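All letters in the sequence shown, in the order written, are residues 262 to 692 by the working numbering.
Working notes, structure below.
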Amino acid sequence: MPDSGYPWPIETTRLDNGLRVVVSEDRTAPAVAVNLWYDVGSRHEPDGQTGFAHLFEHLMFEGSVNVAKTEHMKLIQGSGGSLNATTNPDRTNYFETVPAEHLELALWLEADRMGGLVPALTQETLDNQRDVVKNERRQRYENVPYGDAWLRLLPLLYPPGHPYHHATIGSMADLNAADLATFQAFHTTYYAPNNAVLTVVGDATAAEVFALADRYFGAIPARADIPAAPDGRTVPATGRAAVETVTADVPAPRVYVAHRTHPFGTPGNDVATVLAAVLGSGRGSRLYQRLADGERIAQPDSVGAYGVDLAHAPAPLIVTATARPGVTAERLAAGVAEVVDELATVPVTHAELDRAKALLSTAWWRQMSTVDGRADTLGRYATQFGDPAKAAERLPAWLAVTAEQIAELAAELLGATDRVTLTYVPEEKTS
């Protein structure tokens, strides 16, 4: 594969009802990936409706006008396919990969739940899935060590009223307080063809996909008054660090250090992405070399740095490390801060830069090597940037980042005065 660009064809159309359709034909294998991005995530949720976008990720599998409860999964899996859905602050997406002869089935199923979920949504189904989400919150966030870190970091990074202030899991109080009509209205508002991108990658022609999309989605009416999400592009700098310490049932002290950088898809975010790889990707990273292998204050498998690819506000860069036995949280936090601060003063070497770019290249082509990975990527760029072909810009942008740009970003945005530090310390055990 080439080092940059997108070596597969991309064809697009827009149906009369506003549904954008993206097709990338690939005859390598007789399979197709169907991916539907809806431009609705937790950043769109009004006050009192947090968690709604994520709940619909569950509800969309619970039956629609012509598809019985759980039948969507059974039909796809029974056809030899796989499927899932995810929600984040920016969007909700639904996807399946099926043998090429079942493309029509996948499109019919997606169209039925886009246009026919509300009439089939019952109070019983709603109550059941609310309980599922509550259980998910307990299992993923509340009853595992460090599990609520993301829930705590977001309010520290983004002020009240900011669209990224709350996590996608939302408030259980909000989910409990809303009635069936409120949930139905949420779906009617956001699950509209003109608020979605349908992407198909694999063993199908554009003409075939366009015709099927029109057949199954074309009669679903557009929604004229889809409300825009609140503008979160500006986050006023406080000029002071945000610090939170949590005493919990955890096995060892752990530190999270976070900074706001630039929105995903911008040149500044490209620099932050390479910076994160230099700082915390693998055994050759600065964090590993200093804290795990050098000073030996952090557990080797615990150190890392990564950006969260949020597109509509300064996206966070998060650094994490867990202490070795006998190392205090204070010593670990100081060590992490030292390594982060040195990005602005100790130049990134050619070897560090080459290594980071090699890791990012590998990750990019791993994503693009599958039809489902490509479908998700093209859907993202069509939804967030208006053009799926812009996906071809990402890897070249990473490869063009310089050591000087990394030092400049670190000096501008990773300073201690606007830093978020979240620390977990173990509860004292009583005999």
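In this text, a Cβ means the ideal position worked out from N, Cα and C, and glycines have one as well.
Computed from a prediction, not measured in an experiment: that's the story for all the values here.
Going straight from the alpha carbon of residue i to that of residue j, what length do you get?
| i | j | result |
| --- | --- | --- |
| residue 263 | residue 389 | Because the pLDDT of residue 263 is 38, which lies under 50, any placement of that residue in the model is unreliable, and the number read from its coordinates should be weighed accordingly. Approximately 48 Å, taken between the alpha carbons. |
| residue 668 | residue 512 | 35 Å |
| residue 594 | residue 496 | 25 Å |
| residue 344 | residue 367 | 10 Å |
| residue 509 | residue 406 | 8 Å |
| residue 608 | residue 664 | 7 Å |
| residue 452 | residue 293 | 23 Å |
| residue 467 | residue 404 | 47 Å |
| residue 604 | residue 614 | 12 Å |
| residue 469 | residue 371 | 17 Å |
| residue 408 | residue 281 | 37 Å |
| residue 566 | residue 659 | 16 Å |
| residue 291 | residue 361 | 5 Å |
| residue 267 | residue 507 | 45 Å |
| residue 617 | residue 287 | 30 Å |
| residue 655 | residue 419 | 26 Å |
| residue 638 | residue 356 | 12 Å |
| residue 486 | residue 640 | 23 Å |
| residue 582 | residue 541 | 10 Å |
| residue 544 | residue 550 | 7 Å |
| residue 339 | residue 391 | 27 Å |
| residue 494 | residue 304 | 12 Å |
| residue 676 | residue 528 | 20 Å |
| residue 353 | residue 316 | 10 Å |
| residue 369 | residue 473 | 9 Å |
| residue 599 | residue 571 | 26 Å |
| residue 348 | residue 318 | 7 Å |
| residue 624 | residue 569 | 15 Å |
| residue 554 | residue 426 | 36 Å |
| residue 383 | residue 471 | 33 Å |
| residue 336 | residue 434 | 34 Å |
Is it right to say residue i is buried, meaning 16 or more other beta carbons lie within 10 angstroms of its own, or is it exposed?
| i | result |
| --- | --- |
| residue 647 | exposed |
| residue 296 | buried |
| residue 424 | buried |
| residue 685 | buried |
| residue 333 | buried |
| residue 270 | exposed |
| residue 514 | buried |
| residue 519 | buried |
| residue 521 | buried |
| residue 401 | exposed |
| residue 644 | buried |
| residue 611 | exposed |
| residue 397 | exposed |
So which of the options has the shortest CA-CA distance to residue i?
| i | options | result |
| --- | --- | --- |
| residue 488 | 656, 446, 618 and 474 | 446 |
| residue 456 | 279, 271 and 518 | 279 |
| residue 422 | 606, 666, 492 and 573 | 492 |
| residue 314 | 436, 613 and 596 | 436 |
| residue 678 | 498, 651 and 659 | 498 |
| residue 636 | 439, 666, 652 and 623 | 652 |
| residue 320 | 396, 448, 369 and 327 | 448 |
| residue 573 | 300, 548, 342 and 689 | 300 |
| residue 350 | 439, 687 and 524 | 524 |
| residue 310 | 428, 522, 337 and 413 | 428 |
| residue 587 | 472, 329 and 556 | 556 |
| residue 626 | 611, 612, 657 and 670 | 657 |
| residue 325 | 276, 386, 289 and 454 | 386 |
| residue 414 | 283, 380, 331 and 683 | 683 |
| residue 308 | 438, 277 and 601 | 438 |
| residue 596 | 606, 552 and 564 | 552 |
| residue 662 | 285, 622, 687 and 649 | 622 |
| residue 328 | 380, 589 and 410 | 380 |
| residue 312 | 331, 363, 395 and 342 | 395 |
In the DSSP assignment, find the alpha helix (DSSP H) that holds residue i and state where it starts and stops.
| i | result |
| --- | --- |
| residue 305 | Where residue 305 is concerned, there is no enclosing alpha helix (DSSP H), given that its DSSP letter is neither H nor E. |
| residue 374 | 364 to 377 |
| residue 601 | 590 to 602 |
| residue 622 | 611 to 629 |
| residue 670 | 664 to 674 |
| residue 447 | 441 to 451 |
| residue 532 | 528 to 541 |
| residue 643 | 632 to 646 |
| residue 354 | That residue, residue 354, is in no alpha helix (DSSP H); its beta strand (DSSP E) goes 353 to 360. |
What are the boundary residues of the beta strand (DSSP E) that includes residue i?
| i | result |
| --- | --- |
| residue 343 | 343 to 348 |
| residue 565 | 565 to 568 |
| residue 505 | 503 to 509 |
| residue 577 | 577 to 583 |
| residue 515 | 515 to 521 |
Any contact of the region 629 to 648 with the region 448 to 467, i.e. 3+ C-beta pairs under 8 Å? yes
Meets three-Cβ-pair contact criterion under 8 Å: the region 558 to 575 and the region 500 to 512: no
Could you tell me whether the region 570 to 584 touches the region 523 to 540, where touching means 3 or more Cβ pairs closer than 8 Å? yes
Counting pairs of beta carbons, one from the region 478 to 486 and one from the region 369 to 377, are three or more of them closer than 8 Å? yes
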